[in-house]
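Order-wise, the sequence lines are chains A and X. If you use my numbering, the first sequence corresponds to residues 22 to 225, in order. If you use my numbering, the second sequence corresponds to residues 22 to 225, in order. For every residue, glycine included, the Cβ atom is placed at its ideal position computed from N, Cα and C. Okay, structure first, notes after.
There are 2 protein chains.
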Amino acid sequence: MLKLYYAPGTCAMAAHIALEEAGADYEGIVLDFSKKQQQSPEFLAINSKARVPVLVSHAGALTETPAILAYIAQTYPDAQLAPLNNPFEFARVQAFNNYLSSTVHVAHAHKLRGHRWADEPSSLDDMNRKVPENMSALMQMIEDTMFEGPWVMGETYSICDPYLYTIARWLKSDRVEVAKFPKIQVHMARVEARPAVKAILPHH
Amino acid sequence: MLKLYYAPGTCAMAAHIALEEAGADYEGIVLDFSKKQQQSPEFLAINSKARVPVLVSHAGALTETPAILAYIAQTYPDAQLAPLNNPFEFARVQAFNNYLSSTVHVAHAHKLRGHRWADEPSSLDDMNRKVPENMSALMQMIEDTMFEGPWVMGETYSICDPYLYTIARWLKSDRVEVAKFPKIQVHMARVEARPAVKAILPHH
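Structural data, given as structure tokens:
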């Protein structure tokens with residue numbers, strides 16, 4: 022059975038949703054970040070990066086949300102969570118998810134994780150101040166140039182949708198009005214109405 | 022014919038190498054960042070993110086290095102650049118490349134691109150000062166826990182190798198001694214000895 026290590030409110034929610042969408046047989050294992058459980062020797066033995074999500078299968082442990090999402094799509098093909106037989110369309114899905122991980126999530130992380138990249142309190146305040154501007158600009162880019170509708174990639178739900186939803190949930194705490202992005206706002210409600218999301222929301 | 026938009030010294034080198042390794046029929050189109058050619062209306066019409074690499078095929082434009090590398094591996098299977106028939110091993114390749122894009126490249130970017138995340142000159146100086154510490158820690162993590170040897174994923178060369186090589190080339194300007202990481206140092210020389218790299222090095 023698969024095991025998903027996650028923490029509430031983190032990007033691990035995307036993998037959690039995808040496992041539900043896939044109908045996977047999995048066990049969710051919650052880490053309490055307030056108790057720094059991601060720094061425990063037991064967890065570091067699973068993921069030396071001390072981050073979630075981690076998906077453990079019989080073959081070993083996988084990290085990084087875009088890779089985990091693609092793995093779930095590939096190993097549960099009946100769920101049709103990605104265009105597996107079209108390398109170009111599959112790459113577009115991967116490109117969108119990579120944009121979320123390497124640009125959008127990173128912009129958000131400068132609110133509370135600025136200490137990763139700078140030391141002075143004034144720098145951390147500066148980074149935090151800029152988060153609403155950056156997250157707004159990136160969401161506008163998604164709204165205007167990437168989002169096809171009604172799902173991210175068009176008519177078909179894919180592993181892009183739970184990931185965008187997961188990050189869009191951070192906008193309020195990032196001091197960004199999601200209502201400025203009507204397509205993304207409607208998308209959030211559509212994702213939230215899915216049984217897979219209803220099943221895992223109480224854990225997040 | 023494929024078209025690769027790139028700029029010397031950028032992460033686009035990884036895709037450039039992979040196209041050579043694949044034996045792809047492609048045209049390289051160089052952008053001059055000193056002339057802000059990535060901001061031109063012509064290029065923004067291809068990639069609204071104003072970044073390289075972009076790989077254009079008959080189907081359209083692809084962005085984001087991990088997605089482009091996987092696309093090259095999938096569309097040139099004879100080159101055996103990724104474990105295409107093993108979703109778990111393929112996901113491990115993707116996870117490594119995602120780590121490079123969302124963590125290592127991002128750490129490097131705080132040297133010259135700090136203005137993406139903060140406004141004050143003192144913050145940008147602070148970020149720049151921290152780059153050697155961060156890049157050293159991340160390379161140590163790769164050296165100790167990810168790099169299998171002699172290639173990133175073990176006995177078989179993959180799309181992880183040109184990407185690690187591309188980023189390792191930045192270490193000197195990031196004020197990090199690559200000699201501190203003997204596996205990565207040997208790996209750089211091994212990658213550089215490949216005909217595909219010799220073919221594209223004059224352009225970078």
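Straight-line Cα distance separating residue j from residue i
i, j, result
"X/P29", "X/A39", "15 angstroms"
"X/E198", "X/L192", "7 angstroms"
"X/L133", "X/A158", "19 angstroms"
"X/A82", "A/A139", "35 angstroms"
"X/L145", "X/H129", "13 angstroms"
"A/A226", "A/Q59", "The first residue shown for chain A is 22 and the last is 225, placing residue 226 of chain A beyond what the model contains."
"X/N106", "X/A112", "11 angstroms"
"X/K56", "X/K24", "21 angstroms"
"X/E141", "X/V125", "23 angstroms"
"X/A7", "X/E169", "Only positions 22 to 225 of chain X appear in this structure, which leaves residue 7 of chain X out of reach."
"X/S143", "A/L102", "45 angstroms"
"X/H136", "X/N149", "11 angstroms"
"A/S61", "A/D53", "11 angstroms"
"X/I89", "A/A91", "15 angstroms"
"X/E213", "X/K201", "19 angstroms"
"A/V114", "A/P104", "8 angstroms"
"A/S123", "A/K219", "28 angstroms"
"X/H37", "X/P74", "9 angstroms"
"X/D165", "A/V127", "24 angstroms"
"X/M162", "A/H131", "22 angstroms"
"X/E48", "X/M22", "7 angstroms"
"X/Y184", "A/Y184", "25 angstroms"
Proximity to residue i [Cα-Cα], best of the options
i, options, result
"X/T96", "X/I221, X/Y184, X/D46", "X/D46"
"A/C32", "A/F168, A/Y186, A/A217, A/M209", "A/Y186"
"X/R190", "X/I205, X/F117, X/P74, X/A91", "X/I205"
"X/M167", "A/L23, A/N68, A/A200", "A/N68"
"A/H208", "A/D182, A/L105, A/F54, A/S123", "A/D182"
"X/E63", "X/N119, X/D146, X/P98, X/Y26", "X/Y26"
"A/R215", "A/E48, A/E41, A/M22, A/A36", "A/E41"
"X/D195", "X/H136, X/V127, X/M34, X/P153", "X/P153"
"X/I50", "X/L76, X/A210, X/G44, X/A43", "X/L76"
"A/D99", "A/A88, A/E110, A/S143, A/S179", "A/S179"
"A/T177", "A/H224, A/E110, A/A217", "A/E110"
"A/N118", "A/D165, A/H131, A/I188", "A/I188"
"A/P5", "X/I93, X/V114, X/K201", "Nothing about residue 5 of chain A can be read from this structure; chain A reaches only from 22 to 225."
"A/W172", "A/R211, A/E48, A/V73", "A/R211"
For residue i: DSSP bridge partner residues
i, result
"X/I50", "X/Y26"
"A/L76", "A/L25, A/L83"
"A/W191", "DSSP lists no partner for A/W191."
"X/W172", "X/G175"
Classification of residue i by the beta-carbon crowding that lies within 10 angstroms, buried from 16 upward
i, result
"A/T84", "buried"
"X/L121", "buried"
"A/H79", "exposed"
"A/K151", "buried"
"A/L222", "exposed"
"A/M174", "buried"
"A/D147", "buried"
"A/L65", "exposed"
"A/M156", "buried"
"X/A35", "buried"
"A/P87", "buried"
"X/H224", "exposed"
"A/P203", "exposed"
"X/M160", "buried"
"A/A43", "buried"
"X/A217", "buried"
Neighbour list for residue i in chain D, Cβ cutoff strictly below 8 angstroms
i, result
"A/Q206", "In the displayed structure, chain D is absent; the protein chains listed are A and X."
Residue i beta carbon near the ligand ADP (any heavy atom closer than 6 angstroms)
i, result
"A/A91", "For the ligand ADP, the structure offers nothing, since it holds no ligand at all."
**OP:** Check each residue of the segment 92-109 of chain X: if its Cβ is closer than 8 angstroms to any Cβ of chain A, include it; give the result in chain order.
**Re:** Near chain A, meaning a CB-to-CB distance below 8 angstroms, the residues of the segment 92-109 of chain X are Y92, Q95, T96, P108, F109.
Subject >> Contact set between the segment 29-51 of chain X and chain A, restricted to residues whose Cβ is under 7 angstroms from the partner >> reply: Residues of the segment 29-51 of chain X whose Cβ lies closer than 7 angstroms to any Cβ of chain A: none.
**OP:** Check distances from the C-beta atoms of the segment 139-152 of chain X to those of chain A and list, in chain order, the residues that come in under 7 angstroms.
**Re:** Result list: A139, D140, E141, S143, S144, D147, M148, K151.
Original post:
Between the segment 162-192 of chain X and chain A, which residues of the former have a C-beta closer than 7 angstroms to a C-beta of the latter?
Top reply: Within the segment 162-192 of chain X, the qualifying residues are M162, T166.
Subject >> Residues within the segment 57-77 of chain A neighbouring chain X, beta-carbon criterion of under 8 angstroms >> reply: Going along the segment 57-77 of chain A in chain order, one finds S69, K70 with a Cβ nearer than 8 angstroms to chain X.
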